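Quick note: the working numbering has the sequence shown finishing at residue 397, numbered continuously throughout.
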Amino acid sequence: MPSTAQGRRSAGLTPLLQHRLLVTLSLGLSLSTLWAAAASYYLVFHDEVLARFVSRQSAMQFAYEERLGTLQRALDRTAAERSAERGSVENRLSALTERQALIEKRQGLLSGLGGAAAPVDEPPPMPVAEPAPRVQKPFPTPELRMGREDRAEAAGRDSAGRLSRLEAGLQRVAEAQARTVAGIALQAGRSAERFRDLIARTGLSPARFDPPASGIGGPLVPLGLDAFEQALVEARRQIEEETHLRRVTAALPFRQPLPGGLAFTSSFGARLDPFTRGYALHTGVDMRAETGAPVQATAAGRVTASEYAGGYGNMVEVDHGRGLVTRYAHLSASAVSVGQRVEAGSVVGFAGSTGRSTGSHLHYETRIDGEPVDPQRFLRAGAQLVFAD
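Okay, here's the thing in structure tokens:
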């Protein structure tokens, strides 16, 4: 009996077990199918997925490296620009220092010319070039880099502005110096022309007193001179000419032979002779003078005669060089001896009435190369010279 009941119970449970087994087998089959499908997909598409992944990673790496390269080139370019700007500032500073030294040297030359040289303006302090910013790694962010570039650019503009102002100031000083030296040349030229005109009014040629020319020559090699140097060359030439003509003028008999105002009693040229009452050549001029009045040399020279000379009476002759001679006649006495050196204004004798004379006076002559010329040429020119001075 028991075995029969157990058999029945087993027979009753078998369908349930079979259903569960079937479900389990179905689930396992499904999982196996999914795994197989996944494995098959992985095996089929593995290379393509991996290739896409690698491609994306490569693109990202390339973009990053390109970004880094762009930043590095920008930094290198900025550093090069800063270095170039610093070199440019240093070069400009060096050039400005040299130019300032040249201006100071030229100011000394102007002072040596004796002209009213314009003072050199005090230039602003020399700006100091700031060192280029150091490049630090890792690479700065764009915002930090832009801030540094802005500050560096602002500092560069400030330095450039100061340099430009300094250059403009030195340029103004240089132009003022050129104008000053040109003015000195013009003034010296006018003075030389005045002396040249005075000499010409005496009947003498200024070229008569030029020093003898020496042998000079050579090929022409022009110099590239700036405005100041050209004006300086011209100023020196004019000053040299003016100095020479001034010396020539000082050596000519432009002074009065008698002190005070002159009163002429007889002029140069044809006149009625006081003794014969006929026309005769008067080789000088007569001036009213009291006996014993001091007679002065009208220019520096050497005494070539101090004697009694016939119709001249007591006469002194002074040689002034270059063929120019003056005579002082009818003296009551001589105050110099032959060979003596006299200066302009020195007393050579005393007025009187010796020789062929009708009364106390001074007979005064000027001779060029032995020929008598009108002394009033020199006296008039000398009066203008004194007036001009």
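All C-beta atoms in this analysis are idealised placements derived from N, C-alpha and C, irrespective of residue type, glycine included.
Since the structure is predicted, the reported quantities are computational estimates derived from the model, not experimental observations.
Per the Cβ contact rule, the stretch 234 to 242 is not in contact with the stretch 357 to 373 (fewer than 3 Cβ pairs under 8 Å). DSSP, reduced to helix, strand and coil, places VAL346 outside both helices and strands of the structure shown, so it counts as coil. Excluding its 5 nearest sequence neighbours in each direction, PHE236 has C-beta neighbours in its own chain below 7 Å: ARG114, ALA182, GLN185, ALA186 and VAL189, listed in chain order. Within the same chain, Cβ atoms closer than 6 Å to the Cβ of THR306 are found at PRO261, ARG263, PRO265 and THR334, the five residues on either side in sequence being excluded. Under the rule that a run must span 4 or more residues, the alpha helix (DSSP H) segments found entirely inside the stretch 235 to 260 read 235 to 259. When secondary structure is reduced to three states using DSSP, ASP294 falls in the strand class. Excluding sequence positions up to five before and after VAL350, its CB lies within less than 7 Å of the CB of ALA305, ALA308, GLY309, VAL311, VAL326, VAL344 and VAL356, all in the same chain and listed in chain order. Within a 10 Å sphere around the beta-carbon of ASN99 sit fewer than 16 other beta-carbons, which makes this residue exposed. Taking every protein chain shown into account, the CB of PHE70 has fewer than 16 other CB atoms within 10 angstroms, so this residue is exposed.
Secondary-structure assignment with DSSP links PRO214 through no beta bridge to anything.
Secondary structure note for TYR316: its beta strand (DSSP E) is the uninterrupted segment 309 to 316.
Contact check for VAL293 against PHE272 passes: the beta carbons are separated by less than 8 Å. Under the DSSP assignment, GLN264 falls outside any beta strand (DSSP E); it carries neither an H nor an E label. Contact annotation: SER314 and VAL303 have beta-carbon atoms that are not nearer than 8 Å. Assignment of GLY277 by DSSP, reduced to helix, strand and coil, places it in the strand class. Rounded to whole angstroms, the gap between the alpha carbons of HIS328 and TYR320 is 20 Å. Annotated three-state conformation of GLU351 is coil, per DSSP. In the pairwise beta carbon analysis, the stretch 374 to 389 is classified as touching the stretch 202 to 209: at least three pairs are separated by under 8 Å. A Cβ-Cβ distance of about 18 Å is found for the pair SER368 and ALA317, leaving them out of contact under the 8 Å criterion. For ASP382, the secondary structure class from DSSP, reduced to helix, strand or coil, is coil. Note: ARG388 is not bridge-paired with any residue in the DSSP secondary-structure output.
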